[in-house]
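J.: Going by the working numbering, the first residue of the sequence shown is number 849, and it counts up by one from there. The C-beta atom is built at its ideal place from N, Cα and C for all residues, glycine as well. Treat the numbers as computed from the prediction; the structure is a model and nothing was measured.
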Amino acid sequence: MSHPVIEQSQKDALLTFFGPRLKMSESLSRYSVMQVGGPADFLAIANNVDELEADVSFLWENGIPFILLGSGSNTLISDAGIREFVLINDAKNIDFIEEEGKAPRLWAESGASFGSLARRAGAKGWSGLEWAAGIPGTVGGAVVNNAGAFGSNVAENLEMANILQPLGDKVQ
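1) Using a 10 Å radius around the Cβ and a threshold of 16 neighbouring Cβ atoms, would you call Ser-919 buried or exposed?
2) With burial defined as no fewer than 16 other Cβ atoms inside 10 Å of the residue's Cβ, what is the status of Gly-985: buried or exposed?
3) Which word fits Val-1002, buried or exposed, when buried means at least 16 other C-beta atoms lie within 10 angstroms of its C-beta?
4) With distances taken from CA atoms, which of Asn-1010, Asp-927, Pro-1014, Glu-978 is nearest Phe-998?
5) Measure the C-alpha to C-alpha separation of Leu-862 and Lys-950 and round it to an integer number of angstroms.
6) Runs of 3 residues minimum, wholly inside the stretch 909-947: which ones carry the beta strand (DSSP E) assignment?
7) In three-state terms, what does DSSP make of Pro-868?
8) Kindly indicate the opening and closing residues of the beta strand (DSSP E) around Ala-956.
9) At what residues does the beta strand (DSSP E) containing Leu-977 begin and finish?
10) What's the C-alpha gap between Val-992 and Ser-873?
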C-alpha cells in the first residue's frame, strides 16, 4: 500500500498558509482518546468554523491529502504515524438560541463535544437530547455517523447542517 506523498511545493505552500500554526512531526497520541499514535508529518489546529473552512478549502485547492480529526474518540492511530496532513477540528462554539414563541434550538460547530452539548442543554432545562449525554466524540462525528442511543439518534433531532464540499460549495 502506498502512502500519499506531500510534494515539496505543497510543503512550501503549507508553511506559507499555516505559518506558526503548522506543526511538524507532531505526536498524535495527544489527539486520541486512547492516547496512542505516531507522528503526523504535518498538523494544524482549526480553532473555529471560519478557520476550518479556510483550512479545508486551501488543502483541497492545493491537492494536499489530509485527514480531518475531531476528538479522536473513535479513532485508532498507528504508531507508524500519518503521512497525510492532519487537521484537528477544534471548532467548538455552541449557541443556545431562545426566541419568544419558538422552540429552543442549539447551534454548534462540528468540533464541539456531542455529549457535553447534550449535558449543557439538560442543565438549561431543555429536553430532547438526554439520550446523547454519554456519547463520546464531536458534533461533526455524531452527524456523519448518525450517532444514537436509547431509541433516538441525530437524524431525528437535526434541523440543519452546513456542509462544505470539495469544490468549495456549501450545502445545507
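T.: Per the coordinate set shown:
1) By the 10 Å Cβ count, Ser-919 comes out buried.
2) Its Cβ being crowded by 16 or more others within 10 Å, Gly-985 is buried.
3) Here Val-1002 is buried: its Cβ has 16 or more other Cβ atoms, across all protein chains shown, within 10 Å.
4) For the set Asn-1010, Asp-927, Pro-1014, Glu-978, the Cα lying nearest the Cα of Phe-998 is the one of Glu-978.
5) Pairing Leu-862 with Lys-950, the inter-Cα distance amounts to about 45 Å.
6) Listed in chain order, the beta strand (DSSP E) runs fully inside the stretch 909-947 are 914-917, 930-937, 942-945, counting runs of at least 3 residues.
7) Assignment of Pro-868 by DSSP, reduced to helix, strand and coil, places it in the helix class.
8) Per DSSP, Ala-956 belongs to the beta strand (DSSP E) from 953-956.
9) Element bounds for Leu-977: n/a, residue is neither H nor E.
10) In this structure, the straight-line span from the alpha carbon of Val-992 to that of Ser-873 is close to 29 Å.
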